[in-house]
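Numbering (this note's numbering), first residue to last: 116 to 487.
For every residue, glycine included, the Cβ atom is placed at its ideal position computed from N, Cα and C.
These numbers come from a predicted model, not from an experiment.
See below for the structure under consideration.
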Amino acid sequence: MSSEQKEFNFSVNTISVMDENGKIVGELPKLTNDEIKELYKKMLTIRVYDEKTMKIQRQGRVGPYISYTGQEACQVGIVFTMRKDDWFFPTYRDSGALYARGMPLKDVLLYWMGDARGFKNSENNFPICIPVGTHPPHAAGAAFAAKIKGKDYVSVATFGDGATSRGDFYEAMNFAGVFKLPVIFAVQNNQWAISVPRNKQTASQTIAQKAIAAGIEGIVADGNDIFSVVKAMRYAIEKARSGKGATVIEFMTYRLGDHSSADDQKKYRDPVEVEMWKKKEPIERLKKFMLAKGLWNEKFEQDIIAEATQTAEKAVADAENIPSQKLDELFENIFSEMTPNLKEELEELKESYKDRSTESTNKVEKIEGSFP
Ligand SMILES: Cc1ncc(C[n+]2csc(CCOP(=O)(O)OP(=O)(O)O)c2C)c(N)n1
Ligand SMILES: [Mg+2]
C-alpha cells in the first residue's frame, strides 16, 4: 500500500509595536494623542485601584483578591477596542478590565466582598469566572446567538495560559471554527498558572498555534505593549464583526505579584526572572514613549494618581456602607427565572438563617474563605 505525503503549511503571526524602551519597532495602530493619554491614564488608574484593594484585603476588609499588576496593557487594551454592546467574559484576574470597560470600582469591590449585587447592573459583562477556563464555551455560545439573531456584536473571553490546558478551551475553539463565530479568545499568557510554569503547562511552542487545529487563526502579541494589544484586538474584532470568524490571541505578559492574596510567589519563582519582567512592564514602557513625544509630565502623572486615589477611597467607603444583602439577592441574578434547584437551595439557606436576628448575610461571613 502506498501513501502519498502531502505538506500543510501553517503559521502564527506575531505583533510587536513598541519595545521595552518605548521605541517603536512596528507599525503603530491609529490613535490620537488624546487616546494615547487616555490609555495611559486608564492603566495607571487601575494600578492604583489594584494596590488599594490589596491593602484593604490585608486588613480583612475584602475577601480573597486577585491582583493584575503587570498585566495592565492587556486589561485596558482588550476592552478599549470593544463596543459597549459587545459581550465580555472575564476571569478573576480581570477586575482591571472591568474598570476600564466602565464598571464602577464600588461594584467590583462588592464582588470581592462576597456581595452578589456587585454584578447586578453590569451591562454586557458576564460575572467574573472563578473556575479556570470554563467560560470560553459561554463566549462561543453568545457569539453563536449573535449569528443566529443577525446582530454584529462580538464576544471576547479572556483567560490565562493555564486555562488553555482545559478541554473547554478546545471545545469552544472547535465550535467557533465550525460556525465561523464572532468570538475572540484573548489569552493572557502571564507565564505561570499559580506555581506551574508555562513550560510545564504545554509542550507546544506557542499557545496561539492551538487555534490552527480548530481551523481558526492564532496570533502572538506583546501583551505588555498597549499598542500591540490594541492592534491585535482591533484586527480580530474587525474580522469577527465582518463575518470572518474567530481568533485566538496569545498576549505575552507577566504576573508581577502573587497569584492571589493567598499565595506567596517567592516560594516557587526565581527573583531574577521577576526582575527581568519588571523591566518590560507596560506602564513604564508607555511612559518612556510619551515622554519622548512630549505627552507625559510629572503633573499629568500626579493628577491621575490623586484622582484615582480619591475615587478608590470613596468606592471603598460606599461598598462598606451599603446595607447587607438579603438572602434572596444571592440567587436572583443567576438565571432570568430561578430554577427549581436554586429555589430549593435558597429555602435551605433561609432555614439555616432561621435562628439569626437578620435574614441577610453580614460582613464577617462575607470575608471568610480563601482562593487557591
Ligand atoms: C476548575 C478549576 N481548577 C482549579 C482551580 C484553581 N486555580 C485557580 S487559578 C489557577 C491557575 C490558573 O492559571 P492561568 O489560567 O494561567 O491564569 P492566571 O491565574 O495565571 O491568570 C488554578 C489552578 C480553579 N479555580 N478552577
Ligand atoms: Mg497564567
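Quick one: what does DSSP say residue i is sitting in, helix, strand or coil?
i	result
T206	strand
D149	helix
W307	strand
K157	helix
E142	coil
V177	coil
E135	coil
V223	helix
M405	helix
F284	helix
A301	strand
A273	The sequence as given places Thr at residue 273; Ala does not occur at that position. Strand.
G256	helix
Using only the heavy atoms of ligand 2, determine whether one of them is closer than 8 angstroms to the beta carbon of residue i.
i	result
R370	yes
G409	no
A308	yes
G277	yes
N304	yes
Could you check which residue in the options has the C-alpha nearest to that of residue i?
i	options	result
Q380	Q174, E459 and S182	S182
A423	D149, Y214 and A255	Y214
V269	P297, E365, Q425 and S376	P297
E413	I245, P219 and K156	K156
A434	D230, N239, T147 and Q425	D230
A488	S118, Y369, L220 and F125	No answer is possible for residue 488: it lies beyond the span of the chain, which begins at 116 and ends at 487.
T362	W202, G292 and E428	G292
V271	P251, N236 and D340	P251
N239	E122, F259 and F203	F203
D337	R281, G192 and E122	G192
E332	N314, E365 and V344	E365
Taking the C-alpha atoms as reference points, what is the distance between residue i and residue j?
i	j	result
R198	T129	25 angstroms
V223	S210	7 angstroms
E483	G178	In this predicted model, E483 has a pLDDT of only 46, less than 50, meaning its place in the structure is not dependable enough to derive any value.
P438	I161	26 angstroms
D442	K458	For clarity, residue 442 is Leu in the given sequence; the question names Asp instead. About 11 angstroms.
G372	K403	23 angstroms
Y369	Q306	6 angstroms
D385	A278	23 angstroms
R176	D378	18 angstroms
K227	Y180	First, the amino acid is wrong: residue 227 is Trp here, not Lys. So the alpha carbons of these two residues sit roughly 6 angstroms apart.
A287	A255	6 angstroms
A347	F195	12 angstroms
L146	E416	20 angstroms
S376	Q303	19 angstroms
Would the beta-carbon of residue i be found less than 8 angstroms away from any heavy atom of ligand 1?
i	result
A301	no
I245	yes
Y207	yes
F274	yes
Check your understanding: Is the region 311-322 close to the region 161-170, with three or more CB pairs under 8 angstroms?
Key -> no
Review point. Between the region 342-357 and the region 286-304, do at least 3 Cβ pairs fall closer than 8 angstroms?
Key: yes
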